[in-house]
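Scroll down for the structure; my scribbles are underneath it.
2 protein chains.
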Amino acid sequence: MEILAKGFSEKEFEKKCAIGRAAARLFDEKGYLETSLKDISAAAKLSKGGIYHYFTSKHDILYFVLDNYMDLLVQGLDQEVREIPDPAMKIRYILFRHLKLYNTKVPEAKALLIASRNLPAQFFKGIASKEKEYAGLLTEALAEYFGGTVPLVRVKAISYTLFGMCNAIMYWYNPEGPIPLEELSQICHDIFMNGVSSYRTGNDSPGLTRLCAP
Amino acid sequence: MEILAKGFSEKEFEKKCAIGRAAARLFDEKGYLETSLKDISAAAKLSKGGIYHYFTSKHDILYFVLDNYMDLLVQGLDQEVREIPDPAMKIRYILFRHLKLYNTKVPEAKALLIASRNLPAQFFKGIASKEKEYAGLLTEALAEYFGGTVPLVRVKAISYTLFGMCNAIMYWYNPEGPIPLEELSQICHDIFMNGVSSYRTGNDSPGLTRLCAP
Numbered sequence: 017m018e019i020l021a022k023g024f025s026e027k028e029f030e031k032k033c034a035i036g037r038a039a040a041r042l043f044d045e046k047g048y049l050e051t052s053l054k055d056i057s058a059a060a061k062l063s064k065g066g067i068y069h070y071f072t073s074k075h076d077i078l079y080f081v082l083d084n085y086m087d088l089l090v091q092g093l094d095q096e097v098r099e100i101p102d103p104a105m106k107i108r109y110i111l112f113r114h115l116k117l118y119n120t121k122v123p124e125a126k127a128l129l130i131a132s133r134n135l136p137a138q139f140f141k142g143i144a145s146k147e148k149e150y151a152g153l154l155t156e157a158l159a160e161y162f163g164g165t166v167p168l169v170r171v172k173a174i175s176y177t178l179f180g181m182c183n184a185i186m187y188w189y190n191p192e193g194p195i196p197l198e199e200l201s202q203i204c205h206d207i208f209m210n211g212v213s214s215y216r217t218g219n220d221s222p223g224l225t226r227l228c229a230p
Numbered sequence: 017m018e019i020l021a022k023g024f025s026e027k028e029f030e031k032k033c034a035i036g037r038a039a040a041r042l043f044d045e046k047g048y049l050e051t052s053l054k055d056i057s058a059a060a061k062l063s064k065g066g067i068y069h070y071f072t073s074k075h076d077i078l079y080f081v082l083d084n085y086m087d088l089l090v091q092g093l094d095q096e097v098r099e100i101p102d103p104a105m106k107i108r109y110i111l112f113r114h115l116k117l118y119n120t121k122v123p124e125a126k127a128l129l130i131a132s133r134n135l136p137a138q139f140f141k142g143i144a145s146k147e148k149e150y151a152g153l154l155t156e157a158l159a160e161y162f163g164g165t166v167p168l169v170r171v172k173a174i175s176y177t178l179f180g181m182c183n184a185i186m187y188w189y190n191p192e193g194p195i196p197l198e199e200l201s202q203i204c205h206d207i208f209m210n211g212v213s214s215y216r217t218g219n220d221s222p223g224l225t226r227l228c229a230p
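Line by line, the protein sequences give chains P and Y.
The numbering used here puts the first residue of the first sequence at 17, with every later residue one more than the last.
The numbering used here puts the first residue of the second sequence at 17, with every later residue one more than the last.
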């Protein structure tokens, strides 16, 4: 939307998306550093000048790819989660949605995992802020699940461990491998939910004591 | 050792380490892409020619940093883990050691997490092979812990989720933040061990069924 507001028509936006997709695939295959604008223009079947009509630099293309992917992750999630009454189901929903979206946009997701840190600070800031918003929705669901027993700063740390698990799955997952993504998502979910359930039910494991310490 | 065999004296190796450390700090602060050999030579208080005496390129420096960090992670671990009789304690040992080493070499660990994917394939291969060896030790401990109930390919996936959690902690951790690394390690440990314990004790949760499916 923001992009459209910058004076691009829908058709031009689609063109940007096509260039972004071609670039993301190259970043994944060759690495961000090794991918040149020339490579991108060849893959997108445009002249280098054609690319410059849409983007100012390789960083600009990466930013566009990541920004759109973050929008895909964030947009609507707040509302979707709000409509789920059970907090455990909210966490499950976020986890499965995270990995499902990954599966539809593997090069873009990998660009976020791997290439995003190559963005100069002023570009990265915008992405990091959307990441924060996204992580915040999981933190909220977790806080609700814990029922106020765990201090927020620890809930935040715990939400990062779940994203860490999911992202490790994304690195590890091979569509031709022996375990389908759905099953890997389930493994991730079961370990995490089994793992945090003891913090909720109020048993006095050493872990709980530590989590609840001031 | 390999480096020494390449004809570098211990003193020269130390010099390489000092350059590597200065470079890793810059990679962390400025990003790998944005760091030039000129920046590294200034930080290491050497001329650019001085750097070229020790390294052929920026990739070469990054490779050296990562290779040494991987050695630090891998070397001795096999023996250390072998001496721990209880498999749950083995897992605990690997996890705490992973995060403790991180804490002594933050720029190097961050280079592994963030910059390593910028290495050209022929460089990255050597690092990836050491990563595989390292992950294999956790997989072995987990397989022992599960007592043969979980197929190896699933144990592997589970070991990656644990590394994912640890690495998320490494991204998230701020030495000046409200939670010390020791406590974050404990949170990670408790969630993971609570999480996987049900796969060991043979309860018939849906998670277990799925993990044990052929």
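Glycine residues also receive a C-beta, built at the ideal position from the N, C-alpha and C atoms.
As the structure is a computational prediction, the values presented were derived from the model and not from experiment.
Name the chain Y residues whose beta carbon is nearer than 7 Å to that of residue i?
| i | result |
| --- | --- |
| S214(P) | N210 |
| F179(P) | A184 |
| P194(P) | V169 |
| I100(P) | Correct list: empty, because the minimum Cβ distance to chain Y is about 19 Å. |
Distance, Cα to Cα, residue i vs residue j?
| i | j | result |
| --- | --- | --- |
| K126(P) | F29(P) | 22 Å |
| L153(Y) | Q138(Y) | 24 Å |
| G66(P) | I56(P) | 11 Å |
| G180(Y) | K31(Y) | 33 Å |
| A58(Y) | V166(Y) | 53 Å |
| N119(P) | H69(Y) | 46 Å |
| G163(P) | A104(P) | 11 Å |
| A229(P) | K141(Y) | Because A229(P) carries a pLDDT of 40, less than 50, the predicted location of this residue cannot be relied on, and the following value inherits that uncertainty. Cα to Cα, A229(P) sits roughly 44 Å from K141(Y). |
| F208(Y) | R98(Y) | 21 Å |
| E18(P) | T177(Y) | For E18(P), the pLDDT reaches just 44, beneath the cut-off of 50, and the residue's location in the model is therefore unreliable, leaving the point undetermined. |
| T155(P) | P191(P) | 30 Å |
| S214(P) | D206(Y) | 9 Å |
| N186(P) | A144(P) | It should be pointed out that residue 186(P) corresponds to Met in this sequence rather than to Asn. If you take the alpha carbons of M186(P) and A144(P), they lie about 19 Å apart. |
| T51(Y) | F71(Y) | 15 Å |
| R108(Y) | S25(P) | 55 Å |
| L158(P) | A184(Y) | 17 Å |
| E199(Y) | Y85(P) | 33 Å |
| L115(P) | A151(P) | 14 Å |
| L128(Y) | G92(P) | 34 Å |
| C33(Y) | C33(P) | 43 Å |
| A131(P) | F43(Y) | 14 Å |
| L117(Y) | K54(Y) | 29 Å |
| N210(P) | A60(Y) | 48 Å |
| K27(P) | E45(Y) | 39 Å |
| C182(P) | L197(P) | 11 Å |
| V81(Y) | E96(P) | 44 Å |
| K106(Y) | I100(Y) | 6 Å |
| Q202(P) | S201(Y) | 24 Å |
| R216(P) | K172(P) | 15 Å |
Considering Cα atoms alone, identify which of the options is closest to residue i.
| i | options | result |
| --- | --- | --- |
| D94(P) | R113(P), V81(P) and D76(P) | R113(P) |
| Y189(P) | N210(P), Y109(P), I107(P) and C204(P) | C204(P) |
| V212(P) | I174(P), L117(P) and A39(P) | I174(P) |
| S73(P) | M86(P), Y85(P), I35(P) and S25(P) | I35(P) |
| D102(Y) | Y161(Y), S214(Y) and R170(Y) | Y161(Y) |
| Y48(Y) | N134(Y), F71(Y) and K64(Y) | N134(Y) |
| P123(Y) | E26(Y), R41(Y) and M186(Y) | R41(Y) |
| P136(Y) | E199(Y), Y79(Y) and E149(Y) | Y79(Y) |
| I110(P) | Y85(P), P196(P) and V90(P) | V90(P) |
| E149(Y) | K46(Y), D83(Y) and C33(Y) | D83(Y) |
| R170(Y) | V169(P), G193(P), K146(P) and L53(P) | G193(P) |
| K121(Y) | R37(Y), R216(Y) and K27(Y) | R37(Y) |
| L88(Y) | I100(Y), C182(Y) and K146(Y) | K146(Y) |
| D76(Y) | S63(Y), K106(Y), E96(Y) and A39(Y) | A39(Y) |
| I195(P) | R216(Y), Q202(Y), S63(Y) and L168(Y) | L168(Y) |
Can you name the residues of chain Y whose CB is closer than 9 Å to the CB of residue i?
| i | result |
| --- | --- |
| Y176(P) | M181, A184, I185, Y187 and W188 |
Since residue i meets chain P, which of its residues come closer than 7 Å, beta carbon to beta carbon?
| i | result |
| --- | --- |
| G47(Y) | R133 and N134 |
| I143(Y) | Within chain P, no residue comes near I143(Y); the closest Cβ sits about 14 Å away, beyond 7 Å. |
| I35(Y) | Here the premise fails: no neighbours, minimum Cβ distance about 20 Å. |
Can you pull the chain Y neighbours of residue i, defined as C-beta to C-beta under 8 Å?
| i | result |
| --- | --- |
| L200(P) | A173 |
In chain order, what are the residue ranges of uninterrupted alpha helix (DSSP H) at least 4 long that sit wholly in the stretch 93-164 of chain Y? 93-98, 103-120, 122-126 and 137-162
Any C-beta of chain P within less than 8 Å: which residues of the stretch 41-68 of chain Y qualify? Those would be G47, Y48, L49 and E50, in chain order.
Residues, ordered as in the chain, of the stretch 102-130 of chain P that lie near chain Y by beta-carbon distance below 7 Å: For the stretch 102-130 of chain P, which is checked against every Cβ of chain Y, the residues closer than 7 Å are I130.
Give me the subset of the stretch 75-88 of chain P whose CB atoms are less than 7 Å from a CB atom of chain Y, sorted by chain position. none
Threshold first: 4 residues or longer. Then list the alpha helix (DSSP H) segments lying entirely within the stretch 28-101 of chain P, N to C. For the stretch 28-101 of chain P, whole alpha helix (DSSP H) runs of length 4 or above, ordered along the chain, are 53-59, 64-70, 74-90 and 93-98.
Only counting runs of 4 or more residues, tell me where the alpha helix (DSSP H) segments fall wholly within the stretch 165-216 of chain P, in order along the chain. 168-188 and 197-216
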